[in-house]
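For reference, the structure is listed below as structure tokens.
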Amino acid sequence: MSDDEGGDTAAGGDGDGDGAYVGLFSGGKDSSWAVYRALERGLPVERLLTVHPAGDSYMYHVPETRLAVLAAESIGLPLVEVEPDDFGADEATDSGAQGDSELEPMEAALTDLAADLPIAGVTAGAVESEFQTSRIEAMCDRLGIDLFAPLWQRDPRTLAEEMIDAGFEIRILQVAAAGLDESWLGRTIDREALAELERLNDEYGVHLLGEGGEFETFVVDGPHMDRRIELEYDTEWDGTRGRIRVTGARLAE
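FYI, in the working numbering the residues of the sequence shown are 4 to 256.
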């Protein structure tokens with residue numbers, strides 16, 4: 004991979020740049036930021052693609068991926084939804100083999116999409132995970148397309164500040180780390196929350212962007228979205244980890 008002056012990264016594939024980009028999209032902050040930066044740069048993002056894992060996953064954001072439909076509508080891009088066979092992280096399965104297996108439905112969907120829409124590349128919200136990024140790069144190489152990964156190996160605090168300054172409203176959907184209690188469920192990541200996450204990073208090693216699975220997020224509003232997403236939800240907490248369970252969601256009038 005190579006970094007440009009703005010910190011964005013493009014890599015992988017043998018694509019000649021002609022064609023559309025597909026945003027690999029969950030609705031979380033990282034994939035949303037990748038799509039936003041691609042649009043800001045002028046890349047022709049014409050589709051979003053969401054994989055809905057049936058269980059825990061090595062490759063994909065898991066909680067509340069169904070909200071991606073509303074996010075795509077607000078962004079103004081068609082959404083391709085992938086409903087793979089029942090897969091999930093299995094302790095009895097080698098993680099590498101599991102990751103490869105989980106990528107297959109995404110690659111198949113892109114191959115099918117390419118029959119009707121010439122694809123130049125995909126966007127991805129990878130930050131530090133070699134496990135995920137190496138597999139997405141290999142997929143791009145096989146498909147002969149490029150990878151736009153603007154978060155790759157960027158400083159987490161800088162990225163978080165850029166998202167907040169750009170006007171991203173990021174809600175926390177799930178927490179699973181020491182120091183993150185029930186009060187974080189549904190919380191917006193703003194400057195105050197970021198300062199608290201820095202303290203938790205010093206004390207417990209919590210990653211500022213939740214890169215280690217410490218927390219998962221959803222973007223309810225941003226500069227690339229026409230309408231804010233309003234959520235209604237219940238919280239589930241088992242004493243050490245928890246999540247919000249969305250009971251209603253709609254685009255604001």
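Note that CB positions come from ideal geometry on N, CA and C, so glycine has one too.
- The C-beta distance from isoleucine 175 to leucine 154 rounds to 18 Å, too long to fall under 8 Å, and the pair is not in contact.
- Of the candidates Thr250, Ile122, Arg190, Ser132, the residue whose Cα lies closest to the Cα of glycine 216 is Ser132.
- 8 Å or more divides the Cβ of alanine 74 from the Cβ of isoleucine 247.
- Within its own chain, the residues whose Cβ lies closer than 8 Å to the Cβ of tyrosine 207, once the five positions on either side in sequence are excluded, are Ala180, Ala181, Gly182, listed in chain order.
- In this structure, the beta-carbon distance from phenylalanine 151 to leucine 80 does not fall below 8 Å.
- When the alpha-carbon of leucine 146 is set against those of Leu113, Pro159, Phe218, Gln177, the nearest one is in Leu113.
- A straight line joining the alpha-carbon of valine 223 with that of leucine 27 spans about 17 Å.
- It is roughly 9 Å from the alpha-carbon of glutamate 185 to the alpha-carbon of aspartate 241.
- Excluding its 5 nearest sequence neighbours in each direction, alanine 169 has C-beta neighbours in its own chain below 8 Å: Tyr39, Gly225, Pro226, listed in chain order.
- Here tryptophan 155 carries a coil assignment [DSSP, helix/strand/coil].
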